[in-house]
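Data block below; observations after.
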Amino acid sequence: MEQRLSWSFVLVLVLCAACGSATAPDSSGGSADRLVVWDWKSGDATSAAYLDRARADFAKGHPDVEVEFVAQPFDQYYTLLGAAVQAGRGPDVILFNGGGRIRDRADSLLPLDEYVAGDRQRLVGWDAFTKDGKTYASPVTLQGHPLYYDKALYERAGLDPDAPATTWDDFVEDCRTIADRTGATCFGVGNKEGIGIQFFLSCMGSAVLSPAEYDAWTAGKRNWTSPGVKRIFELWQQVDAAGLNNDGVNSTAMFNDAFALFQSGRAAHVIGLMSDVGHWKDFAEFLDPDDIGVMAAPVVDPAATPSLPYDGGIGYGVAKWTRDPALAADLVRSLTSTGALAAFSADAGAITSDTGIDVSAGGPAATAIAAGIKTGKPALHVALPSTTVDLMGRLSQQLLSGSTTVDEALAQLAASDRAG
Amino acid sequence: MAPTVLIVVALRLWPLALGVNFSFTGDGDLNGTPVGLDNYATLLGDPLFRTALGNVGLLVLLLPVAVAIPGLLATAIHLRVPGHRVYRAVYFFPAVLSPVIVGAIFTLLLGYDGPLNDLLGVVGLGPVDWLGDPDVAIFAVVGVHVWATFGMALVVFLAGFSTLDPSLLDAARVDGASLPQTLRHVIVPGLARTIQFVFATTMIGMLTSMFGLLFVMTGGGPEASTYLPEYYIWVQQGQLDRPALASAASTALFLVMLLVGLAQVGVLRRAGREG
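These protein sequence lines are chains Z and C, in that order.
My numbering puts the first sequence at residues 1 to 420.
My numbering puts the second sequence at residues 421 to 695.
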């Protein structure tokens with residue numbers, strides 16, 4: 001037996017020595033008259049009209065080209081995409097999340113700058129799809145982290161729902177009032193996957209950091225030992241210790257459990273999203289749309305100027321191995337055309353990258369978010385490398401359980417950020 | 421013979437070799453570039469991977485419990501406790517459930533505001549954060565895994581009992597042996613090979629089949645306390661786009677499995693000689 005095993009191992013090693021890299025990304029998923037698109041949206045009913053409009057727009061210029069959308073499950077999407085890329089059988093057009101998700105994979109993508117120049121002014125959110133000055137995808141939606149609040153709970157607590165607190169101290173006081181009079185916690189938070197801290201950092205960042213430090217952070221000059229940054233992570237810890245969060249935060253999933261706490265009136269606030277999930281339209285299925293408020297992050301440091309944190313949400317890029325880059329780029333332009341995005345906004349409730357689209361039919365929350373776009377800034381966590389975001393998730397759980405200190409956590413994050 | 425060898429080489433050894441080879445290349449900008457043992461050095465320096473390996477050690481320690489439960493239940497069934505036919509079906513039933521379904525069910529049951537904590541509250545005990553406390557979560561996940569999978573081991577034990585000479589049990593009963601005495605002196609020696617087989621298959625199951633539960637129940641958390649190598653590999657490959665590092669971790673897991681497998685083969689062979 002051992003002898004046979006040894007020979008197997010020798011064979012493995014010989015085979016190893018004989019072969020080269022496992023990668024050979026030189027073939028296309030499509031052909032000259034066919035484009036393959038991978039996403040995790042085309043299976044959703046709320047995306048049907050959006051894709052129909054995009055197909056129609058593309059067909060006007062390319063009537064003979066077939067477009068095939070392949071919907072993948074989101075929780076496996078990047079795993080499947082990575083395997084496809086490594087196998088050299090990737091799709092032509094690929095849906096990405098903005099930030100680290102696409103930047104980590106930019107070497108598999110075609111720079112689109114020359115193809116999408118005509119969309120530059122019409123769309124916003126490009127930075128999330130940019131690396132080293134090159135654009136790798138066109139934004140479809142904007143993704144950000146508004147602070148939603150339940151106006152009905154404010155009313156029941158005797159607070160003015162149209163004038164939420166603007167300072168942190170007043171906010172905490174209001175939370176105590178709401179808890180006393182309604183039994184609801186201040187925040188609905190889920191940190192089971194470690195993403196609670198991402199939402200918190202980006203939502204509260206502009207209420208703690210000065211505008212200059214905020215801008216420096218998103219520009220890559222991050223001082224992890226500054227008092228402001230330390231204050232954000234201290235707040236994360238203190239909010240939980242003070243009982244402002246729901247119980248069991250580290251075992252509560254953000255999707256859908258934390259949002260369910262808000263929707264069911266058990267939490268007065270939630271740091272949600274503004275794309276097409278975990279947002280005002282989802283909440284409006286359970287709450288009266290007029291009761292869903294959006295407030296600026298309460299000011300912690302008077303030197304700070306709160307702003308809406310947002311970036312490009314999802315966007316389509318083109319694989320560098322596609323046979324006809326111009327053709328694939330045309331499809332990307334159709335997928336970000338005004339008509340298609342208007343349909344996506346109406347059906348999925350997404351705040352799209354085309355800010356010319358009217359969202360007022362969505363109610364006060366959508367209107368408030370749209371109003372914040374002009375003065376908004378990129379979210380703090382989106383600027384971080386994926387490995388640092390991953391580490392931050394685990395450290396945020398340790399901060400809540402008390403098994404690490406803010407200083408220790410920040411030292412680890414700084415080292416990870418430096419290493420990239 | 422030759423076609424068999426070709427099939428084994430093409431479908432087993434060649435993919436394995438590609439994976440091992442890939443572990444010696446870089447990720448990101450170094451994609452496809454040979455980097456020697458760098459990925460293995462990264463693994464050794466990564467506290468997350470060390471945690472995952474540490475949890476493998478914990479599983480080894482918990483293995484006797486995972487084997488004892490189906491063993492004792494199979495003993496009870498074999499000794500025909502009242503309702504033994506029902507128990508046989510009920511115990512086996514979770515084995516046909518998907519780990520994702522099992523995970524979802526127990527995520528609800530073990531939730532901080534879930535029914536188990538409600539029950540504890542009724543009897544005056546405080547709530548336990550079963551899936552959010554880093555000291556508790558790994559035991560909760562392993563416990564659910566054992567619950568979900570012991571039915572198969574129980575079937576193996578029952579098959580083992582069918583080979584046990586009934587006259588030995590009759591003799592023990594006539595001699596007035598207690599149940600613990602019967603277990604120790606008749607059943608355990610008589611089922612030695614079955615027990616060892618269940619040890620081997622349970623260990624392999626724990627190391628390679630807990631991904632679904634981890635994914636659904638804890639996502640590797642809290643604080644990475646429930647990470648296992650398989651989950652680490654998935655995160656590196658799928659979430660962080662580091663396939664070469666994931667390949668190195670896969671190779672490391674393969675070596676761990678090989679060591680465990682060889683140890684088990686040795687034990688079984690020794691038991692066979694003794695038999």
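Even for Gly, the Cβ is constructed at its ideal location relative to N, Cα and C.
Setting aside the 5 residues that flank it on each side, Z:G278 is surrounded in the same chain by F255, F259, G272, each with a C-beta closer than 7 Å to its C-beta; the list follows chain order.
In this structure, DSSP gives Z:R34 an extended state, which the three-state scheme calls strand.
If the five residues before and after Z:R156 are omitted, its C-beta is found closer than 7 Å to the C-beta atoms of R181, T182, all from its own chain and listed in chain order. Look at Z:M295 here: in three-state DSSP terms it is strand. For the region 135-201 of chain Z, the full-length beta strand (DSSP E) segments reaching 3 residues or more read 142-144, 147-150, 185-187 along the chain. Taking CB atoms only, Z:K192 has a neighbour in chain C less than 8 Å away. Between Z:C175 and Z:A297, the CB-CB gap reaches or exceeds 8 Å. It is roughly 45 Å from the alpha-carbon of C:A557 to the alpha-carbon of Z:D354. In this structure Z:E213 is buried. Its beta-carbon is surrounded by 16 or more other beta-carbon atoms within 10 angstroms. For Z:F286, there is no enclosing beta strand (DSSP E), as DSSP marks it with neither H nor E.
Z:A304 is a Cβ neighbour of Z:S206, given a cutoff of 8 Å. Within chain Z, no residue has its beta carbon less than 9 Å from that of C:L536; the closest one is some 12 Å off. Contact annotation for Z:Y136 against chain C: no contact, minimum CB-CB distance about 14 Å [criterion: below 8 Å]. Taking the Cα positions, Z:P139 is about 23 Å away from Z:A216. Residue pairing by DSSP places Z:L410 in no beta bridge whatsoever.
Interface with chain Z (8 Å Cβ-Cβ cutoff): C:L551 is included. Chain order gives the chain C residues near Z:Q86 as P663, where near means a beta carbon separation below 7 Å. Taking the Cα positions, Z:T387 is about 23 Å away from Z:A319. Taking the C-beta atoms as reference points, Z:G363 is found no nearer than 8 Å to Z:Q143.
The residue from C:M626, C:G552, C:G448 with its alpha-carbon nearest to that of C:N475 is C:M626.
Of the other Cβ atoms in all chains shown, 16 or more fall within 10 Å of the Cβ of Z:L153; this residue is therefore buried.
Annotation note: the region 61-91 of chain Z contains the following uninterrupted beta strand (DSSP E) runs of length 3 or greater, listed N- to C-terminal: 66-71. Contact check between the region 315-330 of chain Z and the region 82-99 of chain Z: three or more CB pairs, one atom from each, fall below 8 Å, which counts as touching.
The beta carbon of C:P423 does not come within 8 Å of any beta carbon belonging to chain Z, so the residue lies off that interface.
The three-state reading of DSSP puts Z:D354 in strand, counting E and B together.
CA-CA distance, Z:D301 to Z:V172, rounds to 15 Å. A Cβ-Cβ contact shorter than 8 Å links Z:W38 with Z:Q72. In chain order, L479, V480, L483, V680, Q684 place their CB closer than 8 Å to the CB of C:M623, counting only its own chain and leaving out the 5 sequence neighbours on each side.
C:P663 and Z:D417 have their C-alpha atoms roughly 20 Å apart.
Between the C-alpha atoms of Z:L261 and Z:I232 there is a straight-line separation of about 24 Å.
Put simply, of Z:P111, Z:P164, Z:A348, Z:D104 the residue whose alpha carbon is nearest the alpha carbon of Z:E285 is Z:A348. With a 10 Å radius around the Cβ and a threshold of 16 neighbouring Cβ atoms, C:F513 comes out exposed. Taking all protein chains shown into account, Z:H381 has 16 or more neighbouring C-beta atoms within 10 Å of its C-beta and is therefore buried.
Membership of Z:Y310 in any alpha helix (DSSP H) is not indicated; the residue belongs instead to the beta strand (DSSP E) covering 310-312. Selection Z:K281, Z:G100, Z:Q86, Z:Q198 evaluated against Z:A366 yields Z:K281 as nearest (Cα-Cα).
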